[in-house]
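Report on one structure; see the data block that follows.
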Amino acid sequence: MKIIAGPASQLLASKVAQQLNTPPTICDYKRFPDGELYTRIRDDSIDDVTIIQSTPTDGDYIALLQLIDACEEAPTINVVIPYMGYARQDKVFNQGEPVSARAIARTINADRVFTVNIHEKSILEHFNADSFDLDASHLIGNHIRSMNLTDPLIISPDAGALEIAKSASADIGIPYEQLEKTRHSGESVTIAEKEIDVSGRDLILLDDMIATGGTMAESIRMLKEQGAADIYVACIHPVLARNAVVRLYNAGVKEIISTDTLEKPQSSISVAPLIADTLKSL
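Just so we're aligned: the sequence shown equals residues 85 to 366 in my numbering.
Now the structure itself:
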């Protein structure tokens, strides 16, 4: 099986290829003078292929479509989208809006599509392929176990992240709790105070993704006021848009921990073993 790395997932795809004991396929990416993307796979052999490409930008999505098209003669095409952009636009809020996640998913034609902790699992139904969502929460849990924390507690900042917090805590014997969040806009949230015994404890705030950092920053401040010791923030997808990193450290976070579904300086946990084990089982 050939492992093809999209431009947004070069390191992750290389790690997956290493786990599978195969060299990653070399590809060329460049821009034409008018801004259009040029993509070329520098391998003429016809084999089963796995394309690994996150889509945080529109350009990354175009690159994925080009790679799929370039592989159309392959016997089997697997597509791994570790982080899928537009996944939060999964429903219509106002008349005239598209379901953007559905629109994106419908254009991806492959034999199998794999995502990692996709924001809304119902999106999987819209791919023109057998689709599967891989769960990386246990990788976060294993990392937490290795951190030598004092009386640790995993905290979900809202109900939406509760399953991830529960899953991460399941195999490591660390309890979990949930805060109550009210979102007022894309960047404005309030966190209701909740009676949780955090005094002197090390806390790990865990969510599927961190975008602007507003929810996490508000949670950190509240928990610090309640006497928490060190507070860590962990997520699967480190979007960390605009000034999110500064906001979190300003609020008092000890460290930001994430996987490499998006390749950022904070990506200390790799999902490569998860993806490689899945591919081995095909």
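C-beta: ideal position from N, C-alpha, C; glycine also.
Contact set for residue i: own chain, Cβ-Cβ below 8 angstroms, skip 5 residues either direction
{"i": "A213", "result": "V163, I192, N193, A194, D195, R196 and V197"}
{"i": "P159", "result": "I130, D131 and D132"}
{"i": "I256", "result": "G225, N226, I228 and R229"}
{"i": "R115", "result": "L121 and Y122"}
{"i": "F216", "result": "R196, V197, F198, T199, L208 and T362"}
{"i": "N232", "result": "none"}
Beta-carbon contacts of residue i that lie in its chain and below 7 angstroms, excluding the five residues immediately before and after
{"i": "Q137", "result": "G90, A92, S93, D144, A147, L148, L151 and I165"}
{"i": "A101", "result": "I87, P107 and P108"}
{"i": "D142", "result": "none"}
{"i": "M168", "result": "T139, T199 and I202"}
{"i": "T362", "result": "F198 and L218"}
{"i": "K338", "result": "D314, I315 and Y316"}
{"i": "Q103", "result": "A356, P357 and A360"}
{"i": "T345", "result": "S138, P166, Y167, V200, I320, H321 and V355"}
Whether residue i touches residue j by CB criterion (7 angstroms)
{"i": "A328", "j": "G297", "result": "yes"}
{"i": "N368", "j": "D291", "result": "Within the shown structure, residues of the chain are numbered from 85 to 366, placing residue 368 beyond reach of any answer."}
{"i": "S303", "j": "L324", "result": "no"}
{"i": "I207", "j": "A220", "result": "no"}
{"i": "A254", "j": "A301", "result": "no"}
{"i": "L307", "j": "L287", "result": "yes"}
{"i": "E209", "j": "D174", "result": "no"}
{"i": "A125", "j": "A97", "result": "One point to set straight first is that residue 125 is Ile, not Ala, in the sequence displayed. Contact flag unset, no."}
{"i": "Y260", "j": "A243", "result": "no"}
Continuous alpha helix (DSSP H) stretch holding residue i: start and end
{"i": "Q262", "result": "Looking at the DSSP string, Q262 is not in any alpha helix (DSSP H); the run it does join, the beta strand (DSSP E), is Y260 to Q262."}
{"i": "I192", "result": "Looking at the DSSP string, I192 is not in any alpha helix (DSSP H), and its letter there is neither H nor E."}
{"i": "S253", "result": "L246 to A254"}
Element boundaries [beta strand (DSSP E), containing residue i]
{"i": "R115", "result": "C111 to R115"}
{"i": "D214", "result": "N212 to L218"}
{"i": "N178", "result": "That residue, N178, is in no beta strand (DSSP E); it is neither H nor E in DSSP."}
{"i": "I161", "result": "I161 to I165"}
{"i": "L208", "result": "Counting along the chain, L208 falls outside any beta strand (DSSP E), and DSSP gives it neither H nor E."}
Beta-carbon contacts of residue i that lie in its chain and below 6 angstroms, excluding the five residues immediately before and after
{"i": "H268", "result": "Because H268 sits at a pLDDT of 48, beneath the cut-off of 50, its placement in the model cannot be relied upon, and the following sentence gives the value as read from the coordinates. Answer for H268: no residue qualifies."}
{"i": "I135", "result": "I88, L151 and V163"}
{"i": "K99", "result": "S354 and A356"}
{"i": "L246", "result": "S240 and Q262"}
{"i": "Y170", "result": "S184, A185 and I188"}
{"i": "R305", "result": "A335"}
{"i": "A318", "result": "I224, I288, L290 and I341"}
How do the stretch 347 to 363 and the stretch 176 to 188 stand: do at least 3 beta-carbon pairs fall below 8 angstroms, yes or no? no
Is the number of C-beta pairs between the stretch 308 to 315 and the stretch 280 to 291 that are closer than 8 angstroms three or more? yes
Restricting to runs no shorter than 4 residues, where is the alpha helix (DSSP H) found entirely within the stretch 285 to 311? 298 to 309
Can you check the stretch 87 to 151 for any beta strand (DSSP E) of at least 3 residues that lies completely inside it and give the ranges in chain order? 111 to 115, 121 to 125 and 133 to 136
Enumerate, from N- to C-terminal direction, the unbroken alpha helix (DSSP H) stretches of 4 or more residues contained entirely within the stretch 310 to 354. 328 to 335
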